[in-house]
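Please read the structure below before turning to the comments.
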Ligand SMILES: *Cc1c(COP(=O)(O)O)cnc(C)c1O
C-alpha cells in the first residue's frame, strides 16, 4: 500500500489503527498453492491465531483455505465465519481432555500431541480418527522462543516414542489418519525443513491408514530489507517431488497439508500510530507514539524488528530515533532506527503488522484496543471498531465496599 493511502485511512479511522491489505493475503495464498500445484490433494489450513478477525477468516475461506485452530473458541469463531467442521483442524497443546472432546463432538479433525491424551482418547473414542503431532527434534530457525521442534520443546510426541504410539493404536484399535509436525517459526533453510520432512515420512510409513501428512508451518517472511525469506517456490519443487515419491511408496494418495499463519497475513498488515512527542535527551532522540506494547507486543516480547516508516514525511532526511510507546514501563519498538525526520503529529507505519499483532493486543494501562480496517478494492472497510470505555468495564462486577 502507498503512504498516501495509509495516511488517508489514519485520517478516516483515527490512530492507532491496524490495516490489512486483502490483495496481499490472496496473493500469498495463491503463491503457496501455485508452489505445490503438482500435488493432487493440497490443503492449506490458515493458522488463525495469527489474526482472527472474522472478515479475514471469510476472505481466506473464499480463497478455499481451511483453518488451523488451537482453542475451542477459535473453532467456534471459524464455524461462525462459515467454515464447515471438515475444513478445520484442532492442534492444541496442553488443553484439557474435555476441551478436546468438545471439539471432536463438533466433527473437527483432532490433532493429539501427548501420549496420555492419545491413550485416553483412543480408549474412549476408538472410532474417531485422529492425527498425531510428532516432534522431529529439528532445530529450525534462530529464535529460541519460536522454535518448537527441538529436544526440550513441550510440543509434539517425540519420534522416539513412536513405538509407544503404535502400542496404543494396537491396544485401542484407534485410527490414526494423519501425521503432523510444526517445527516452529522462521525456517531459514529449506534443507532443514526437508530433513524434518524425511523424519515425518519415516514415521508415516508405520501407520497404514493415513489420509494426510501435515507439514505445519514456520515459513519465514522478510521483516526488513535484506532479510532472507523462505523460498516457497523452491520448497514447493523439492517437497512435491519427495511427496509424490512417498505416495507411490505408501500405495495411496494422501493430502499434503500446511498451516501457515505469518506467511499468509504478516506482510498484509500495517500498524499506524501518531507521534505524540519527540524528546531529545543527551544521547538519544525518542519518538513517543500514541500506542505501546499493549497494541503491538512483538518487539518487546521476542525482539521482532518491524520496519518503521514515517508516512507523513516519506521523503524526509533520515535521522536516528528510538521509537517508544506510552506504557509506563520499558516499552521500546525500535532502538536507534533510521527514519525520515519526525515531527510531533506525524503518522508512523509499522510493517509486517498482520500476524501476531492485533491478536496479541491487550488492554494494559486501561487503553482501548485499536480499530481494524480491511483495504479492499481501493477502499478501507472497518472490520472491528475501536474499543470504548464500555468495553473496558463490561465484565466488571462492582461490589459496594
Ligand atoms: C502458530 C502455529 C502455526 C503458524 O505458524 P506461523 O509461523 O505463523 O506460520 C502453525 N501450526 C501450529 C500448530 C501453530 O501453533
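Residue numbers (the numbering used here): 1069 to 1469. Think of the CB as a built atom: it goes at the ideal place given N, C-alpha and C, for glycine as much as any other residue.
Checklist entry - Are the segment 1457-1467 and the segment 1378-1394 touching by the rule of at least three beta carbon pairs closer than 8 Å? => result Contact fails: fewer than three Cβ-Cβ distances are below 8 Å.
Next on the checklist: So within the segment 1319-1405, which uninterrupted beta strand (DSSP E) runs reach at least 3 residues, ignoring any that extend past its ends?
Outcome noted: 1323-1326, 1337-1348, 1353-1357, 1376-1378 and 1386-1392
Next on the checklist: Bridge partners for residue 1201 per DSSP, in chain order?
Outcome noted: Taking the first residue of the chain shown as 1, we reach residue 1201 at position 133. Answer is 1248, bridged to residue 1201.
Checklist entry - Three-state secondary structure (DSSP) at residue 1235? => result Counted from its first residue, the chain shown places residue 1235 at position 167. Looking at residue 1235 - three-state DSSP - the assignment turns out to be helix.
Checklist entry - Given 8 Å as the limit, is there contact between the segment 1079-1092 and the segment 1408-1427, that is, 3 or more CB pairs closer than that? => result Contact annotation: the segment 1079-1092 touches the segment 1408-1427, with at least three C-beta pairs closer than 8 Å.
Item to check | Proximity test, residue 1167 beta-carbon vs ligand 1 heavy atom, cut-off 6 Å | outcome: Position 99 of the chain shown, counted from the first residue, corresponds to residue 1167. Not under cutoff, so the answer is no.
Checklist entry - Rounded to a whole number of angstroms, what is the C-alpha to C-alpha distance between residue 1214 and residue 1371? => result The residue you call residue 1214 lines up with position 146 of the chain shown. The residue you call residue 1371 lines up with position 303 of the chain shown. Residue confidence is low: residue 1214 scores 48 on pLDDT, short of 50, so the model does not pin down where it sits. No coordinate-derived value is stated.
Next on the checklist: I'd like to know whether the C-beta of residue 1176 is nearer than 7 Å to at least one C-beta of chain B.
Outcome noted: Among the chains of the structure shown, chain B does not appear; only one protein chain is present.
Item to check | Cβ-based burial, residue 1296 [other Cβ within 10 Å; buried from 16] | outcome: In the chain shown, the residue the question calls residue 1296 occupies position 228. Label assigned to residue 1296: exposed.
Checklist entry - Along the chain, which unbroken stretches of the beta strand (DSSP E) at least 3 residues long are found entirely within the segment 1240-1318? => result 1244-1248 and 1280-1282
Checklist entry - If you draw a straight line from the alpha carbon of residue 1243 to that of residue 1132, how long is it in whole angstroms? => result Walking along the chain shown from the start, residue 1243 turns up at place 175. Walking along the chain shown from the start, residue 1132 turns up at place 64. Across the structure, residue 1243 and residue 1132 are spaced so that their CA atoms are roughly 27 Å apart.
Item to check | Whole-angstrom distance between residue 1202 and residue 1241, CA atom to CA atom | outcome: One-based indexing of the chain shown puts residue 1241 at position 173. One-based indexing of the chain shown puts residue 1202 at position 134. Straight-line Cα distance between these residues: approximately 20 Å.
Checklist entry - What's the gap between the Cα of residue 1179 and the Cα of residue 1247? => result Along the chain shown, one-based indexing puts residue 1179 at 111. Along the chain shown, one-based indexing puts residue 1247 at 179. Distance between the alpha carbons of residue 1179 and residue 1247: 9 Å.
Checklist entry - In whole angstroms, what is the alpha-carbon distance linking residue 1126 and residue 1096? => result On the chain shown, position 58 is the one that residue 1126 refers to. On the chain shown, position 28 is the one that residue 1096 refers to. Each residue's Cα considered, the two are about 16 Å apart.
Checklist entry - Between residue 1228 and the rest of its own chain, which residues show a CB-CB distance below 7 Å, the 5 nearest in sequence each way excluded? => result Numbered from its first residue, the chain shown carries residue 1228 at position 160. Within the same chain, and ignoring the five residues on either side of residue 1228 in sequence, no residue has its Cβ closer than 7 Å to its Cβ.
Item to check | Closest residue to residue 1503 among 1237, 1387, 1399 and 1181 (Cα-Cα distance) | outcome: Because the chain is modelled from 1069 through 1469, residue 1503 falls outside the range shown and cannot be assessed.
Checklist entry - With C-beta atoms as the reference, is residue 1110 less than 7 Å away from residue 1338? => result For this step, residue 1110 is matched to residue 42 along the chain shown. For this step, residue 1338 is matched to residue 270 along the chain shown. It is not a contact, given that the beta carbons lie outside the stated cut-off.
Checklist entry - So what does DSSP say about residue 1087, is it helix, strand or coil? => result To locate residue 1087, count along the chain shown from 1; it is residue 19. In this structure, residue 1087 counts as strand in the three-state DSSP scheme.
Item to check | Proximity to residue 1439 [Cα-Cα], best of 1393, 1341 and 1468 | outcome: Walking along the chain shown from the start, residue 1439 turns up at place 371. The shortest C-alpha separation from residue 1439 is found at 1341.
Checklist entry - Beta carbon of residue 1159: closer than 6 Å to some heavy atom of ligand 1? => result Position 91 of the chain shown, counted from the first residue, corresponds to residue 1159. Yes.
Checklist entry - Given 8 Å as the limit, is there contact between the segment 1146-1163 and the segment 1362-1377, that is, 3 or more CB pairs closer than that? => result Of all C-beta pairs linking the segment 1146-1163 to the segment 1362-1377, fewer than three are shorter than 8 Å, placing the two stretches out of contact.
Next on the checklist: So for residue 1134, helix, strand or coil by DSSP?
Outcome noted: Within the chain shown, the letter at position 66 stands for residue 1134. Strand, per DSSP.
Item to check | Cβ-Cβ distance between residue 1393 and residue 1359 below 7 Å | outcome: Here residue 1393 refers to the residue found at position 325 when the chain shown is read from its first residue. Here residue 1359 refers to the residue found at position 291 when the chain shown is read from its first residue. Their beta carbons are under 7 Å apart, which means residue 1393 touches residue 1359 by this criterion.
Checklist entry - Which residue or residues does DSSP assign as beta-bridge partners of residue 1114? => result For this step, residue 1114 is matched to residue 46 along the chain shown. According to DSSP, which records beta bridges pairwise, residue 1114 is partnered with 1135.
Checklist entry - Thinking C-alpha only, which one of 1130, 1166 and 1157 is nearest residue 1149? => result Translated into the one-based positions of the chain shown, residue 1149 becomes position 81. Nearest C-alpha to residue 1149: 1130.
Checklist entry - Got a sec: does ligand 1 put a non-hydrogen atom nearer than 6 Å to the Cβ of residue 1250? => result Here residue 1250 refers to the residue found at position 182 of the chain shown. Residue 1250: yes, Cβ under 6 Å from ligand 1.
Next on the checklist: Strictly by DSSP, which residues pair up with residue 1452?
Outcome noted: Here residue 1452 corresponds to residue number 384 of the chain shown, with the count starting at 1. According to DSSP, residue 1452 bridges with 1440.
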